Amino acid sequence: MRRVAMWSGPRNISTAMMRSFGSRADTVVVDEPLYAHYLAVTGLDHPGRDAVLAGQPHRWQDVAAALTGPVPGDATVFYQKHMAHHLLPGVGRSWLGALTHAYLIRDPEHVVSSYARVRGEPEMADLGYPQQAEIFRRYGGPVIDAADVLRDPARVLRRLCDALGIGFDPAMLSWPPGPRDTDGVWAPHWYAAVNESTGFAAYDPAPADVPARLRPLVAAARPYYEGLSAHRL
126 MRRVAMWSGP
136 RNISTAMMRS
146 FGSRADTVVV
156 DEPLYAHYLA
166 VTGLDHPGRD
176 AVLAGQPHRW
186 QDVAAALTGP
196 VPGDATVFYQ
206 KHMAHHLLPG
216 VGRSWLGALT
226 HAYLIRDPEH
236 VVSSYARVRG
246 EPEMADLGYP
256 QQAEIFRRYG
266 GPVIDAADVL
276 RDPARVLRRL
286 CDALGIGFDP
296 AMLSWPPGPR
306 DTDGVWAPHW
316 YAAVNESTGF
326 AAYDPAPADV
336 PARLRPLVAA
346 ARPYYEGLSA
356 HRL
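Taking our numbering, I'd label the letters of the sequence shown as residues 126 to 358.
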């Protein structure tokens, strides 16, 4: 059994990556299991907040027990899609030792530019870079960059699977359109594009358009990104 915790920030290809792993016959996936705890503690008003709070445990201890406990069905891979910023300072860390960690990163220029279009005024606490760096320092694990995945999904996913010790499955390169029972209850607010997809989108080389007021945030995030990027597959 391999419990793969994939730590991503927002405005990335994390849901497409979950679709990719969910296409494997040997894999079961879970979608952002710490989201309700994050909303309950921070009090933030995200789209679908009430449904998230009603649909997931609020205590991180209960989430940790589920992620390290029995796995549904006969799956040999338990893929956990995490938003790194959901790992708040008050969440214990010892249970993370039971997981195999991986990191999905994206250049902060693109993250901040995209985030500003949908959520307005992001802060470092919204982006997850410090948590990604923290987990990597403690546990290591493979790092993949979203841009590299979109440029050549087969190559990067093969390297990722080899690094995770699970073997590459070509089924990871495509999937049928539509929602999944495993999608979070927030999916109607965010998953329209991925629900129409049948594979990874083509890489878009267009530069990011970062508002001047958010350039200091990009600069603050860049050392975290570059530190992880130096280890990418």
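For glycine and all other residues, C-beta sits at the position ideal for the given N, C-alpha and C.
Bear in mind that the values here come from a model prediction, so they are computed numbers and not experimental data.
Please report the residue range of the alpha helix (DSSP H) in which residue i lies.
{"i": "Ala288", "result": "Pro278 to Leu289"}
{"i": "Val243", "result": "Pro233 to Arg244"}
Helix or strand or just coil, what does DSSP make of residue i?
{"i": "His356", "result": "coil"}
{"i": "His226", "result": "strand"}
{"i": "Phe261", "result": "helix"}
{"i": "Tyr163", "result": "helix"}
{"i": "Ala183", "result": "For clarity, residue 183 is His in the given sequence; the question names Ala instead. In the structure shown, His183 sits in coil (DSSP, three-state: anything other than H, G, I, E or B)."}
{"i": "Asp270", "result": "strand"}
{"i": "Phe325", "result": "coil"}
{"i": "Trp311", "result": "coil"}
Would you kindly work out how many angstroms separate the C-alpha atoms of residue i and residue j, rounded to a whole number?
{"i": "Ala190", "j": "Trp315", "result": "27 Å"}
{"i": "Arg283", "j": "Val237", "result": "29 Å"}
{"i": "Val243", "j": "Tyr350", "result": "22 Å"}
{"i": "Gly194", "j": "Pro332", "result": "43 Å"}
For the beta strand (DSSP E) containing residue i, list its first residue and its last residue.
{"i": "Val153", "result": "Thr152 to Asp156"}
{"i": "Trp132", "result": "Arg127 to Ser133"}
{"i": "Asp175", "result": "First-last for Asp175: Arg174 to Gly180, but that is the alpha helix (DSSP H), not the beta strand (DSSP E)."}
{"i": "Val319", "result": "Careful: Val319 lies outside any beta strand (DSSP E), inside the alpha helix (DSSP H) at Ala317 to Glu321."}
{"i": "His207", "result": "Val202 to Met208"}
Let me make sure I understand the geometry here. Which of the options has the alpha-carbon closest to that of residue i?
{"i": "Leu275", "options": "Leu159, Gly309, Ala327 and Gln257", "result": "Ala327"}
{"i": "Ala296", "options": "Ser148, Leu342 and Val166", "result": "Ser148"}
{"i": "Gln181", "options": "Asp308, Pro341, Ala279 and Phe325", "result": "Asp308"}
{"i": "Ala150", "options": "Ala227, Asp199 and Leu358", "result": "Asp199"}
Which same chain residues, not among the five before or five after residue i, have their C-beta less than 6 Å away from its C-beta?
{"i": "Ala272", "result": "none"}
{"i": "His364", "result": "Residue 364 lies beyond the stretch modelled for the chain, which goes from 126 to 358, so this question has no answer here."}
Closer than 8 Å by C-beta to residue i: which residues in its own chain qualify, once you throw out the five before and the five after it? Chain order, please.
{"i": "Ala176", "result": "Val310 and Trp311"}
Who are the near neighbours of residue i in its chain, counting only those whose CB is closer than 7 Å to its CB and skipping five residues on each side?
{"i": "Arg120", "result": "There is no way to answer for residue 120, as the model of the chain reaches only from 126 to 358."}
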